[in-house]
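A quick write-up on the structure given underneath.
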Amino acid sequence: MEESNKNSKRKFFEIGIKFGLLATAGTVLASKVFGDEKSTEMVELMSTDGTLVHVPASEVKEVSLKPEGYDPREGFPDKKFVMVVDLAKCKNALKCQKACNKGHYITGENAWLKVYKMQESEKTAPYFMPTQCQHCDKPPCVKVCPVDATFKRKDGIVLIDNERCIGCRFCMAACPYSIRVFNWNEPDQGKIVNEEEYTPDFCGKPSIKGTVDKCDFCPHEIVKGELPFCVKACPNDVFAFGDMYEDAVTNGSGETFKLSTLLKNRAGHRLLEGLGTEPSVFYLPPADRLVEFEEGLENFNEFESVKKTE
Amino acid sequence: MKEYNKMIQDLAPKKFGKLGQIWVTFLVVVILFALYAYYQQLDKGLGITNMRDYALWGVYISNFVFFVAVSLVGSLVTAILRLSGVTWSTPLTRISEVIAVAAIVMAGLTIIIDMGRPERIYNIFLHGRLQSPIIWDVLVITTYLLISLLLLFYPLLPDFAILKKHFADRPKLSKWYGKLSLNWTGSKKQQSIYSKSIHTLSVMIIPVAFGIHTVTAWLFATTYRPGWDSSNFGPYFIAGAFVAGAGAVVVIMYVLRKVYKLEAYITDLHFDKMGQLLVLLCLVYIYFNVNEYLVPAYKTTNEEAQHLYGLFVGDYALLFWSVIIGGLVVPTLVLLFRKGRKPLPLFLVGILVVVGAWWKRFIIVTPTLLHPFLPIQGVPKSWHSYFPSVLEWTITFGTLASALLIMTILFRYLPIIPIHETAEEKGFLETEKTETL
Amino acid sequence: MIRSTISCCKSSLLIFMVLLTFLGSNIYGQEEKKSLSLTVQYIKIMKENSFLKITAKFKGENGFEPCGNVNFTVYKVDTTDVSTVIKIGEVKTNKEGKAKFIIPSKFKTPSSSYAVRLENNKTFDDTEEIVTVTDVNIIASIEKIDSVYTIKARLVSAADTPIAEEVLKAGLKRLFGNLSVGGEDSYTTDEDGSILVPIEKGLTGKKGKLNFQVIIEESEAYGTVIANINSDFGVPIVDESSFDERTMWSPPTKTPLFLLIIPNVILIGIWSILLLLIINLFKIYKSKN
Numbered sequence: 007m008e009e010s011n012k013n014s015k016r017k018f019f020e021i022g023i024k025f026g027l028l029a030t031a032g033t034v035l036a037s038k039v040f041g042d043e044k045s046t047e048m049v050e051l052m053s054t055d056g057t058l059v060h061v062p063a064s065e066v067k068e069v070s071l072k073p074e075g076y077d078p079r080e081g082f083p084d085k086k087f088v089m090v091v092d093l094a095k096c097k098n099a100l101k102c103q104k105a106c107n108k109g110h111y112i113t114g115e116n117a118w119l120k121v122y123k124m125q126e127s128e129k130t131a132p133y134f135m136p137t138q139c140q141h142c143d144k145p146p147c148v149k150v151c152p153v154d155a156t157f158k159r160k161d162g163i164v165l166i167d168n169e170r171c172i173g174c175r176f177c178m179a180a181c182p183y184s185i186r187v188f189n190w191n192e193p194d195q196g197k198i199v200n201e202e203e204y205t206p207d208f209c210g211k212p213s214i215k216g217t218v219d220k221c222d223f224c225p226h227e228i229v230k231g232e233l234p235f236c237v238k239a240c241p242n243d244v245f246a247f248g249d250m251y252e253d254a255v256t257n258g259s260g261e262t263f264k265l266s267t268l269l270k271n272r273a274g275h276r277l278l279e280g281l282g283t284e285p286s287v288f289y290l291p292p293a294d295r296l297v298e299f300e301e302g303l304e305n306f307n308e309f310e311s312v313k314k315t316e
Numbered sequence: 002m003k004e005y006n007k008m009i010q011d012l013a014p015k016k017f018g019k020l021g022q023i024w025v026t027f028l029v030v031v032i033l034f035a036l037y038a039y040y041q042q043l044d045k046g047l048g049i050t051n052m053r054d055y056a057l058w059g060v061y062i063s064n065f066v067f068f069v070a071v072s073l074v075g076s077l078v079t080a081i082l083r084l085s086g087v088t089w090s091t092p093l094t095r096i097s098e099v100i101a102v103a104a105i106v107m108a109g110l111t112i113i114i115d116m117g118r119p120e121r122i123y124n125i126f127l128h129g130r131l132q133s134p135i136i137w138d139v140l141v142i143t144t145y146l147l148i149s150l151l152l153l154f155y156p157l158l159p160d161f162a163i164l165k166k167h168f169a170d171r172p173k174l175s176k177w178y179g180k181l182s183l184n185w186t187g188s189k190k191q192q193s194i195y196s197k198s199i200h201t202l203s204v205m206i207i208p209v210a211f212g213i214h215t216v217t218a219w220l221f222a223t224t225y226r227p228g229w230d231s232s233n234f235g236p237y238f239i240a241g242a243f244v245a246g247a248g249a250v251v252v253i254m255y256v257l258r259k260v261y262k263l264e265a266y267i268t269d270l271h272f273d274k275m276g277q278l279l280v281l282l283c284l285v286y287i288y289f290n291v292n293e294y295l296v297p298a299y300k301t302t303n304e305e306a307q308h309l310y311g312l313f314v315g316d317y318a319l320l321f322w323s324v325i326i327g328g329l330v331v332p333t334l335v336l337l338f339r340k341g342r343k344p345l346p347l348f349l350v351g352i353l354v355v356v357g358a359w360w361k362r363f364i365i366v367t368p369t370l371l372h373p374f375l376p377i378q379g380v381p382k383s384w385h386s387y388f389p390s391v392l393e394w395t396i397t398f399g400t401l402a403s404a405l406l407i408m409t410i411l412f413r414y415l416p417i418i419p420i421h422e423t424a425e426e427k428g429f430l431e432t433e434k435t436e437t438l
Numbered sequence: 030m031i032r033s034t035i036s037c038c039k040s041s042l043l044i045f046m047v048l049l050t051f052l053g054s055n056i057y058g059q060e061e062k063k064s065l066s067l068t069v070q071y072i073k074i075m076k077e078n079s080f081l082k083i084t085a086k087f088k089g090e091n092g093f094e095p096c097g098n099v100n101f102t103v104y105k106v107d108t109t110d111v112s113t114v115i116k117i118g119e120v121k122t123n124k125e126g127k128a129k130f131i132i133p134s135k136f137k138t139p140s141s142s143y144a145v146r147l148e149n150n151k152t153f154d155d156t157e158e159i160v161t162v163t164d165v166n167i168i169a170s171i172e173k174i175d176s177v178y179t180i181k182a183r184l185v186s187a188a189d190t191p192i193a194e195e196v197l198k199a200g201l202k203r204l205f206g207n208l209s210v211g212g213e214d215s216y217t218t219d220e221d222g223s224i225l226v227p228i229e230k231g232l233t234g235k236k237g238k239l240n241f242q243v244i245i246e247e248s249e250a251y252g253t254v255i256a257n258i259n260s261d262f263g264v265p266i267v268d269e270s271s272f273d274e275r276t277m278w279s280p281p282t283k284t285p286l287f288l289l290i291i292p293n294v295i296l297i298g299i300w301s302i303l304l305l306l307i308i309n310l311f312k313i314y315k316s317k318n
């Protein structure tokens with residue numbers, strides 16, 4: 007009696023295993039036959055030498071501008087980044103500031119991009135002037151840094167290595183444009199998901215207490231082939247950004263202009279030119295304005311800290 | 002011989018009396034509060050100060066400049082006067098060297114207090130850039146510290162030898178003095194090395210002293226800011242440094258004279274001479290101030306005008322005029338008269354000068370930062386002005402107390418008046434030699 | 030009898046209400062699905078491939094937010110019977126809500142309709158976007174006409190018939206967009222389907238390489254078609270940065286020579302003397318007489 011029980015149990019067991027194996031095998035086979043077409047999908051592409059190749063679709067990625075041996079202290083090769091700010095179009099919408107703050111996890115009072123209400127004298131007209139780091143070609147901030155924490159790259163961008171900065175603030179004293187901010191307290195950035203380790207390429211990710219931050223011209227966007235946050239966010243196409251060697255700048259709507267023509271026709275100038283800092287930001291004078299100055303005053307607040315992001 | 006022994010008796014270091022103990026306790030208490038405040042700063046960040054993005058340098062930096070300024074007095078009294086063959090300053094050389102050492106040590110510590118990430122200070126040596134004025138400052142200050150220490154130590158050698166004998170009844174103390182005297186016997190060979198070394202040090206310290214304060218001045222002058230962007234800054238700061246240092250010597254020599262009963266050695270003559278020196282230095286400094294303020298006032302470019310307006314009639318007017326008049330003009334006027342150079346008035350004037358010098362540096366550092374090229378907008382109202390916070394003051398007082406503590410301890414164990422040099426000048430040593438013969 | 034009926038009714042009513050509440054809460058307990066805004070663009074790159082550029086957004090609290098990591102299914106709509114679709118693949122949006130689906134060549138026909146659908150998604154409603162395109166080709170080349178480099182482009186259908194009166198754009202590929210060449214923003218094809226775009230002198234490019242594009246941009250009938258033409262008669266880009274020079278703003282490895290030499294000479298001089306003076310202290314210590 008017991009033996010027959012055992013036998014029947016064993017049989018049941020055997021059947022169970024056989025069935026399980028069959029089921030598994032069947033599923034595997036079925037998935038291979040009917041499964042993810044995506045994983046086996048091949049794509050016809052033209053390779054760089056003109057021949058047609060078949061590549062798995064999953065391998066096709068967006069081209070990144072980061073070449074082999076990219077060094078954040080040297081930058082993107084054979085480029086010189088410039089920004090053009092059209093003062094005739096700015097109406098103090100402050101979308102640029104919001105986008106920059108959000109993209110760089112900026113908290114507290116420290117917006118890197120400020121929109122000033124400028125009026126040189128009572129006899130001249132007031133206007134709004136967005137100001138971020140000018141990425142000068144003769145940067146007074148880089149000259150005075152004792153520990154090489156802020157540096158000028160080959161592509162013109164001036165960055166800060168927040169892991170080396172000793173917080174002496176000499177660079178802030180040296181900058182005539184007052185664009186540098188200091189993390190006086192522990193930055194309240196919440197949890198930032200950082201897939202890679204810290205790089206000066208992405209200022210603010212994270213911000214470090216006791217060091218200096220500033221506009222970084224968004225190399226983290228450039229590497230994806232995208233424009234900096236402020237350029238993309240402006241609803242009036244105030245900003246245009248590009249490579250001076252290509253003699254082209256592109257605004258937030260995607261329109262590309264010949265830089266030299268633009269500067270010549272619209273009489274582009276730079277801030278505090280007489281100081282000899284050679285900034286990389288060009289301003290187009292507020293002539294023939296798009297919007298009346300008074301419209302922008304609604305958003306203007308002299309003493310309130312910049313509009314914080316949530 | 003008798004007079005010589007009496008001199009040694011008078012000038013040998015004595016234990017602290019009640020006053021001394023209270024004084025030291027007071028200083029230690031201040032320092033403890035400051036350490037607590039600094040711990041808060043390390044924990045929470047520089048946000049515990051009232052410095053913000055515009056007033057990015059505040060009392061920590063003006064305090065640092067003050068310390069560097071005072072430290073120049075070592076080169077002035079010990080070196081310049083000695084090399085010019087002046088003899089009345091001999092009793093005052095130790096006082097000025099001690100002040101110089103204490104000041105330069107505190108200058109080094111004070112600048113570290115101002116750093117946002119002090120634990121990364123090694124980066125200065127690992128990644129230092131010779132193009133940066135801060136690196137120049139680090140190099141010259143270190144050099145000046147070493148020279149000042151040597152210039153303090155060398156003349157102490159014969160004095161330590163004397164004290165070793167004097168404290169024969171206190172073996173431990175005697176042993177220490179003996180060790181520090183480096184087997185000084187006054188032999189011809191030792192004398193020769195000694196005089197050559199001191200002479201070399203005195204010559205070297207002068208350019209280095211000029212160096213430290215010029216480089217410190219260049220921390221400001223190498224920027225574009227109106228109020229700092231002046232080719233006058235190097236000499237201006239040095240002239241101010243001599244004034245501050247001389248004032249400090251005057252104050253401290255009065256206090257030490259009273260406390261240690263040194264009336265026989267620091268006489269009215271010394272006060273009179275120091276007073277004359279101080280008034281001369283004040284006149285020179287007034288000249289530099291006239292250059293610094295009146296020339297831009299003539300031109301009144303927009304930025305300079307904003308700066309001068311703030312100083313002359315605006316937010317800083319009270320402070321500015323108190324410092325100029327109380328810290329410079331009044332002292333000068335008082336000291337031009339012989340009666341004004343008597344010990345007590347000179348002491349009071351010295352206090353005015355030192356306090357005025359401290360606030361003058363505040364006037365140099367902060368107002369400029371509060372009128373940058375681009376308008377201050379879009380930041381909280383409190384960022385448009387600056388006055389140090391309680392914790393900031395606590396730390397600052399802590400550094401001042403530390404400087405005074407270093408001086409107090411050095412004055413406790415070192416003979417305040419150089420025994421050997423004074424004896425030499427008074428001819429005691431000649432007499433002693435003849436007597437032993 | 031009536032009492033029992035009433036009590037029966039009562040209990041069934043009770044049960045019914047309980048069930049209703051339970052079911053109802055089940056229905057309302059489920060979150061309302063959000064509606065998705067889907068845009069699909071057909072882009073054909075000559076001599077390469079054609080793909081669908083998919084962008085998915087939804088209206089969140091702070092404006093439009095991207096729909097990241099959402100799976101879409103792509104179907105080809107049968108040419109004869111609009112209701113029949115063949116699944117040709119799947120694609121997932123990245124965290125910015127964008128996806129690129131490369132259309133396998135075997136599915137291309139002279140006239141094609143593609144449907145991109147979101148189905149059975151927990152967060153979003155089912156959505157569908159259909160894009161219909163007629164296959165066209167741009168044949169482009171660069172020739173020198175009257176010693177001026179000119180782009181010659183011809184727009185033809187899949188059957189090689191010219192398409193006239195169509196607006197083409199000719200641009201030089203720059204980092205973030207295309208710079209219009211030839212002085213005009215756009216060019217209209219003539220009856221032969223051709224355009225001629227003169228290229229101005231002085232255009233710069235890496236090693237002199239210039240990448241031009243002739244584009245039909247977001248046409249109703251043809252989608253976006255891009256023809257790439259490369260050339261190398263541009264002005265080579267010369268790097269003018271001061272990065273490799275010794276300047277006052279260089280890293281310590283490139284300190285200006287006078288700063289490297291003079292301060293160090295002075296310091297070494299002073300410190301050697303100081304070292305000697307310290308040695309002198311030892312000399313004093315050593316000498317006894």
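Chains as they are written, first to last, in this note's numbering: chain A, 7 to 316; chain B, 2 to 438; chain C, 30 to 318.
By construction, the Cβ of each residue, glycine as well, lies at the ideal position given by its N, Cα and C atoms.
Check whether the segment 220 to 235 of chain A touches the segment 129 to 139 of chain A, taking contact to mean three or more Cβ pairs, one atom from each stretch, closer than 8 angstroms. yes
Strictly below 7 angstroms CB to CB, what residues from chain B border residue 5(C)? Here chain C comprises residues numbered 30 to 318, so residue 5(C) is not present and cannot be evaluated.
Going by C-alpha distance, which of 298(B), 308(B), 256(B) is nearest residue 229(B)? 308(B)
Thinking C-alpha only, which one of 143(B), 134(B), 142(B), 156(B) is nearest residue 422(B)? 156(B)
Where residue 81(C) sits in the DSSP three-state scheme: strand
Minimum Cβ-Cβ distance from residue 108(A) to chain C less than 7 angstroms: no
Is there at least one Cβ from chain A nearer than 7 angstroms to residue 1(B)'s Cβ? A query on residue 1(B) cannot be resolved here, the shown segment of chain B reaching from 2 to 438 and no further.
Just verifying my parser: in three-state terms, what is the DSSP assignment at residue 87(C)? strand
For residue 265(A) and residue 203(C), I'd like the C-alpha separation in whole angstroms. 12 angstroms
Are the Cβ atoms of residue 97(A) and residue 301(A) separated by less than 7 angstroms? yes
Proximity test, Cβ basis, 7 angstroms: residue 233(C) and chain A: yes
Can you look up residue 37(A) in the DSSP assignment and give me helix, strand or coil? Residue placement at residue 37(A) is flagged as unreliable, the pLDDT there being 45, under the threshold of 50; the coordinate-derived value follows with that caveat. Reduced to three states, the DSSP call for residue 37(A) is helix.
So for residue 124(A), helix, strand or coil by DSSP? strand
Would residue 247(A) and residue 233(A) qualify as a contact pair, given that the criterion is a beta-carbon distance under 7 angstroms? yes
Contact list for the segment 55 to 67 of chain B against chain A, Cβ threshold 8 angstroms: 55, 57, 58
Does the separation of the CB atoms of residue 208(C) and residue 262(A) fall below 7 angstroms? yes
Determine, using beta carbons only, whether residue 217(B) comes closer than 7 angstroms to chain A. no
Cβ neighbours of residue 46(A) in the same chain (closer than 7 angstroms, five flanking residues each side left out): Any reading at residue 46(A) must be qualified, since the residue scores a pLDDT of 49, below 50, and its modelled position is unreliable; no value is offered.
Residue 277(C) by DSSP, collapsed to three states: which one? coil
Along the chain, which unbroken stretches of the alpha helix (DSSP H) at least 4 residues long are found entirely within the segment 343 to 403 of chain B? 344 to 370
What does a CB cutoff of less than 7 angstroms around residue 24(B) pick up in its chain, not counting 5 residues either side in sequence? 409
If the cut is a Cβ gap below 8 angstroms, which residues of chain B does residue 281(A) touch? 225
Determine which residues of the segment 138 to 169 of chain A have a Cβ less than 8 angstroms from any Cβ of chain B, and write them out in chain order. 146, 149, 150, 151, 152, 153, 154, 155
Give the residues of chain C in contact with residue 247(A), contact being defined as C-beta atoms less than 8 angstroms apart. 205
I'd like the list of long-range same chain contacts for residue 38(B), defined as Cβ closer than 6 angstroms, with 5 residues on each side in sequence excluded. 392, 395, 396
Can you pull the chain B residues whose beta carbon is under 7 angstroms from the beta carbon of residue 278(A), in chain order? 374
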